[in-house]
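By the count of this note's numbering, the sequence shown reaches residue 438 at its end, each step adding exactly one.
Worksheet: one structure, shown below.
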Amino acid sequence: MVSPGQKVVLITGCSSGIGLRIAVMLAKDEKKRYHVIATMRDLKRKDKLVEAAGDTYGKTLSLAVLDVCSDESVKQCINGIENRHVDILINNAGIGLVGPLESISIEEMKKVFETNFFGVVRMIKEVMPDMKKRKDGRIIVVSSVMGLQGVVFNDVYSASKFAMEGFCESLAVQLLKFNVIISMIEPGPVHTEFEVKMIQEVKQRDFPGADAETVRLFKEVYLPSSVDIFEALGQTPDDIARCTKKVIEASSPRFRNLTNALYTPIVAMKYADETGTMSVHAFYHLLFNLGPLMHVSVMAMKYLTCGCLRRRTISPN
């Protein structure tokens, strides 16, 4: 049951990682300001969340089945909430896809867009009308720095995040008229089971359809660099959860919220050159011409910072 004065927070993709940590952090709010409805496709995967939630489970945190890829599932979930009342929607559910484009089928690409883009659209369409009627509501979308700057071999994943950024940026203007505020959370690399599992899987794949040189560049250049960057600069799901909570609590939240201050120069470089040439060439030289140097620099950064950079976040205020 929702207590008087509590905000109802609906979160997608809570079985692990960022979604789990956001749900637990809000449920454990000392002032008990939130009633969290943590959702996932299969409640058989609830154990980690329930364990992390502790005694908040059944009090300030409840569970619900929700598949963002299903119109019916989305509608059933929202209809199951008292008066369909959602104060804060946090769109976190997402999947990744990395590798040479030639080896990725159109069906795999559609699956990524179905979750990362259309899943967000479904959720917003379902809760937005009631928020507009009340003239009150918050919508938060967990995006990625790859929604602002494309990254080699992440073509389709980046495209899904770019699409989501454009959709929300357009919709945010209209919703301001109804006092409904959209905010984007844009992490860089994050240490989650999702990322570890994906990297392990792609190392073993053959990537049929891609030429030998492209596969070599992916496995021998991109993947080692990616692992180095994750180890040196990656944040934790709790870092992202803290940033999200600050955005919720901000009186005038920003539309875009990069969680890792180290990625600000990357975004700034892109917007400093309207032709796009600067960022494309910079990433090309960094990966293909300065690969060994980048490896040494990133590893040195890892040991010199002792994790300080990984924990540094940008305040949404």
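Beta carbons: idealized from backbone N, C-alpha and C, even for Gly.
Residue from the options with nearest C-alpha to residue i
i	options	result
S136	N204, E314, I227, V233	E314
A159	S226, V130, D168, A331	V130
M116	F409, S281, E370, V186	Because the chain in this structure spans residues 122 to 438, residue 116 falls outside the shown range and cannot be described.
P250	L296, A331, I350	L296
D163	N275, A214, F376	A214
R377	A371, S304, A331	S304
Y343	Q127, V272, V388	V272
E151	N410, K366, E352	K366
G240	G330, S194, G220, G175	S194
T385	S265, I211, S124	S265
Q325	F339, S346, D332	F339
E247	I225, A148, S124, L210	L210
I227	H206, D276, K169	D276
D192	I369, T236, A173, A174	T236
D188	K153, I216, A174, A173	I216
E286	G268, L408, N204, E172	G268
M319	G397, F351, L184	F351
V336	M122, F238, S224	S224
V263	K153, M122, V368, S183	V368
F328	T398, L408, L218, L292	L218
C289	R375, A331, Q321	R375
G331	L222, K128, L170	Just to set this straight, residue 331 is Ala in the shown sequence, not Gly. Comparing Cα-Cα distances from A331 to each of L222, K128, L170, the minimum goes to L222.
Buried versus exposed, by CB contacts within 10 Å (16 or more), residue i
i	result
A208	Rather than Ala, the amino acid found at residue 208 in this sequence is Asp. When all chains shown are included, D208 counts as buried.
V294	exposed
Q270	buried
Y392	exposed
Q356	buried
Y405	exposed
V317	exposed
R243	buried
S400	buried
A144	buried
H156	buried
A174	buried
M146	buried
K254	exposed
L425	At L425, the pLDDT of 47 sits below 50, so the modelled position is not reliable and the matter cannot be decided from this model.
A333	exposed
T133	buried
G220	buried
M252	buried
N410	exposed
K165	exposed
K231	exposed
S346	buried
A389	exposed
Residue i, DSSP secondary structure in three states
i	result
K256	coil
N410	helix
R377	strand
R431	The predicted model places R431 with a pLDDT of 45, which falls under 50 and marks its position as unreliable, so this point remains unresolved.
K169	helix
P125	coil
T398	helix
A371	coil
T357	coil
T133	coil
L425	Residue placement at L425 cannot be trusted, given a pLDDT of 47 that sits under 50; the coordinates are not used to answer.
Near the ligand COA: residue i beta-carbon under 8 Å from a heavy atom
i	result
V401	For the ligand COA, the structure offers nothing, since it holds no ligand at all.
Practice item. Mind the definition here: the segment 175-183 touches the segment 191-210 only if three or more C-beta pairs lie below 8 Å; say whether that holds. Key: no
Check your understanding: Hey, is the segment 123-142 in contact with the segment 349-361, meaning 3+ C-beta pairs nearer than 8 Å?
Key -> yes
Check your understanding: Does the segment 304-324 come close enough to the segment 375-387 that 3 or more CB-CB pairs lie under 8 Å?
Key -> yes
**Study point:** Ranges of the alpha helix (DSSP H) found wholly within the segment 178-226, counting only runs of at least 4
**Key:** 192-200
Review point. Residue ranges of each alpha helix (DSSP H) run of no fewer than 4 residues wholly in the segment 266-339, ordered along the chain?
Key: 276-297, 314-325, 333-337
Exercise for review: Decide yes or no for the touch test of the segment 289-305 against the segment 258-265: beta carbon pairs closer than 8 Å, at least 3 of them.
Suggested key: yes
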